[in-house]
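No gaps in the numbering here: position 82 of the sequence shown is 65 in the working numbering, and each next residue is one more.
Even for Gly, the Cβ is constructed at its ideal location relative to N, Cα and C.
Because the structure is a prediction, the values reported are computed rather than measured.
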Amino acid sequence: VTDPEALGDQLDEVVRRFEAGGEQPDILRGGAASATKLAKWRKRFPAPESVHFGHNRDLNAMAIGRFGFVVLKGQRKNFAPFAFYFVKDGEGMRLDWEASEGFSEILPQEVPKLRDREPRMMRVMINGSNFYTDIFPEERYQCYTLQHLDPAEYVWAYAERDGETDFKLRLRVLQRSPWGNQRRAVVTVRRGPEGSRPNQVEVLDLLHGDWIIPSASGPDTDQSPDNSTK
-16 VTDPEALGDQ
-6 LDEVVRRFEA
4 GGEQPDILRG
14 GAASATKLAK
24 WRKRFPAPES
34 VHFGHNRDLN
44 AMAIGRFGFV
54 VLKGQRKNFA
64 PFAFYFVKDG
74 EGMRLDWEAS
84 EGFSEILPQE
94 VPKLRDREPR
104 MMRVMINGSN
114 FYTDIFPEER
124 YQCYTLQHLD
134 PAEYVWAYAE
144 RDGETDFKLR
154 LRVLQRSPWG
164 NQRRAVVTVR
174 RGPEGSRPNQ
184 VEVLDLLHGD
194 WIIPSASGPD
204 TDQSPDNSTK
């Protein structure tokens, strides 16, 4: 980033437009289809408190493998933190609202309402835990917690101990993260089997090591975010 202040001003303008009415295809990664998806998301996840522009603003250039993106961090007017993800599109930057707001097919508070065991995608923060039950015994499973933006809402999550998914989750928990103690990831989960608690899920896979999903047509990527640089 050759001129962080100019770029920051450009991103602020995109955020202002997004907050004024987010369904604007020209500012969104994914265009019109993304705008339609956002309108449906708003029925499940109301717009957060507005941004406090210029307050504790932090601009970071980041990468997953060779996929680059920019994150604008700061505070909302209720002092809650925000992180807006942007990708370059031509001469401008487009907002990835799905990564910014943590779009998920199921949220932690919605898990107890599930009536099937179909796989669903979640954007989460992962932490290790040690809550085991008869359905998920410690000798067979490794326990984690998964939360979204609200730390009060979380689910207990389990992966077959020492399996491939458990290895990915452990690696993510142990990795140095540009988010501090927030180990962000995109995972697939399903509700626990018969006899499990309503807030227990199985983790089927860890798909990405941050909330942004690299371009499907881009170069090879790994799952670990590189160190951030201002």
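CB-CB under 8 angstroms to Pro64, same chain, minus the five flanking residues each way: which ones, in chain order?
Its chain contains Lys56, Gly57, Gln58 as the residues whose beta carbon lies nearer than 8 angstroms to that of Pro64, once the 5 sequence neighbours on both sides are disregarded; these appear in chain order.
For Ala66 versus Ile109, is the C-beta spacing smaller than 7 angstroms?
Result no, Cβ atoms of Ala66 and Ile109 do not sit closer than 7 angstroms.
Of the residues Val170, Glu84, Tyr137, which one's Cα is nearest the Cα of Val54?
Here the closest residue by C-alpha is Glu84.
Quick one: which unbroken alpha helix (DSSP H) runs of 4-plus residues sit fully inside the region -13 to 13? Chain order, please.
Whole alpha helix (DSSP H) segments, 4+ residues: -13 to 3.
Considering only the alpha carbon of each residue, which of Gln183, Asn43, Val156 lies closest to Tyr115?
Cα-wise, what sits closest to Tyr115 is Gln183.
Beta strand (DSSP E) containing Thr148: first to last residue?
Taken as a continuous stretch (DSSP letters only), Thr148 belongs to no beta strand (DSSP E), being part of the alpha helix (DSSP H) at 147 to 157.
Considering Trp80, what are the terminal residues of the alpha helix (DSSP H) in which it resides?
80 to 84 is the span of the alpha helix (DSSP H), which, as asked, contains Trp80.
Quick one: what does DSSP say Pro208 is sitting in, helix, strand or coil?
Caution is warranted here: a pLDDT of 46 is assigned to Pro208, below 50, making its placement in the model unreliable, and the coordinate value is therefore given only provisionally. DSSP places Pro208 within a strand segment (E or B) once states are collapsed to three.
Pick out whichever of Glu74, Phe150, Gln92, Ala140 has its Cα sitting closest to the Cα of Gly175.
It is Ala140.
Just reading off the beta strand (DSSP E) that His191 is part of, what are its end residues?
In the DSSP annotation of this structure, the continuous segment of the beta strand (DSSP E) that includes His191 starts and ends at 183 to 191.
Entirely enclosed alpha helix (DSSP H) segments - the region 59 to 109, minimum 4 residues
If only complete runs of 4 or more residues are kept, the region 59 to 109 shows the alpha helix (DSSP H) at 80 to 84, in order along the chain.
Distance check for Leu129 and Thr171, CA to CA, integer angstroms please.
Using only the alpha carbons, I get a separation of about 11 angstroms.
Starting from Leu42 and walking both ways along the beta strand (DSSP E), at which residues does that stretch end?
Here the beta strand (DSSP E) through Leu42 covers 41 to 47.
Distance, Asp188 Cα to Arg100 Cα
Those two C-alpha atoms are separated by around 15 angstroms.
In terms of alpha-carbon separation, which member of Phe28, Met104, Val70 lies closest to Met45?
If we check each option's Cα against that of Met45, Val70 comes out closest.
Would Tyr137 and Gly111 be called neighbours here (beta carbons separated by less than 7 angstroms)?
Going by C-beta atoms, Tyr137 is not nearer than 7 angstroms to Gly111.
List the whole-angstrom C-beta distance separating Arg98 from Ile89, where the pair is believed to meet the contact cut-off of C-beta under 8 angstroms.
Contact flag wrong, Cβ pair sits at about 12 angstroms.
From Val156 to Asp79, what distance separates their C-alpha atoms?
Taking the Cα positions, Val156 is about 24 angstroms away from Asp79.
Coarse secondary structure for Ala168, derived from DSSP in three states
Here Ala168 sits in strand by DSSP.
Assumed close pair Ala18, Gln7 - CB separation to whole angstroms, cut-off 8 angstroms:
Ala18 to Gln7, Cβ: 7 angstroms. Contact.
Quick one: Cα of Leu152 to Cα of Gly13, how far?
Taking the straight line joining both Cα atoms gives about 29 angstroms.
Could you work out which residue in Arg144, Glu32, Gly(-9), Ser87 is closest to Asp41 when comparing CA atoms only?
Ranked by Cα distance from Asp41, the options Arg144, Glu32, Gly(-9), Ser87 are led by Gly(-9).
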